[in-house]
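Residue numbers (the numbering used here): 214 to 318.
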């Protein structure tokens with residue numbers, strides 16, 4: 214999990230990447246990860262990227278959403294918006310415009 218937290222922003226990171234690091238097959242790593250966390254590796258990676266993107270959006274208000282999306286491992290702003298909407302029911306633009314109402318812990 215530490216490796217995910219460190220490398221989440223790499224766009225080309227895959228389960229194979231993590232499997233190679235820990236010398237396991239991707240399927241074995243996926244099985245162990247799900248068993249230990251209750252989440253798939255890809256969902257955890259997505260959640261880590263979204264969490265960091267939200268933090269950056271709220272704390273670095275002068276940065277563009279496109280830059281934040283790219284810096285957190287999304288291919289582009291539409292991909293970032295898609296996952297923001299799927300997970301939170303709102304596009305990233307709504308987060309940026311309502312940032313004064315949201316507290317970061």
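In this text, a Cβ means the ideal position worked out from N, Cα and C, and glycines have one as well.
Which residues in the same chain as residue 246 place their Cβ atom closer than 8 Å to its Cβ, once the five residues preceding and following it in sequence are excluded?
Around residue 246: 252, 253, 254 and 257.
Kindly provide the ranges of any alpha helix (DSSP H) runs that are 4 or more residues long and lie completely inside the region 216 to 262, ordered along the chain.
Along the length of the region 216 to 262, whole alpha helix (DSSP H) runs at least 4 residues long occupy 228 to 235 and 239 to 250, reported in chain order.
Assuming residue 290 and residue 282 are in contact, meaning their beta carbons sit under 8 Å apart, how far apart are those beta carbons, in whole angstroms?
For a cut-off of 8 Å, the C-beta gap from residue 290 to residue 282 is around 5 Å, short enough to register as a contact.
For a test of the three-state rule: what should DSSP assign to residue 296, helix, strand or coil?
Helix at residue 296.
Assigned secondary structure, residue 270 (DSSP; H/G/I helix, E/B strand, else coil)
Note: residue 270 maps to helix in three-state DSSP.
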